[in-house]
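Residue numbers (our numbering): 631 to 738.
Each residue gets a CB set at the ideal place from its N, CA and C atoms; glycine is no exception.
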């Protein structure tokens, strides 16, 4: 569920460990690869609208990650947050590996 507290400007999404089942680790490097290779980020407007937005298309998102059930016309904010965090962890792991490789090359 979600909650919008009085006076708040953002939704709070239920993320309690005790409310979840089938918890599995995410491979941050694989999430990063799928995000970069399969989910283009574009500028766009809603049909009939005149306000610019930026983001992925839900169909690309669902093909890449298969999250959020069968609704391939929207992206859950909890999934977008999870993908972003996993991709950051994957990028951090790649950076650490490259840093170690660079240090070893300098020592050689």
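Consult DSSP for residue 672 and reduce its assignment to one of helix, strand or coil.
strand
In the DSSP assignment, find the alpha helix (DSSP H) that holds residue 683 and state where it starts and stops.
That residue, residue 683, is in no alpha helix (DSSP H); its beta strand (DSSP E) goes 683 to 685.
Looking only at its own chain, which residues have a Cβ that is under 6 angstroms from the Cβ of residue 706, when we skip the five neighbours before and after it?
698
When the distance is taken between beta carbons, is residue 690 closer than 8 angstroms to residue 670?
yes
Pick from 674, 695, 658 and 663 that is closest to residue 684, judged by C-alpha positions
674
Does the Cβ-Cβ distance between residue 666 and residue 695 come in under 8 angstroms?
no
Hey, residue 642 and residue 632: beta-carbon distance below 8 angstroms or not?
yes
Helix, strand or coil, according to DSSP, for residue 653 in the structure here?
coil
Using beta-carbon positions only, say whether residue 710 and residue 661 come within less than 8 angstroms of one another.
no
Assuming residue 703 contacts residue 688 (C-beta within less than 8 angstroms), just tell me the rounded distance between them.
5 angstroms
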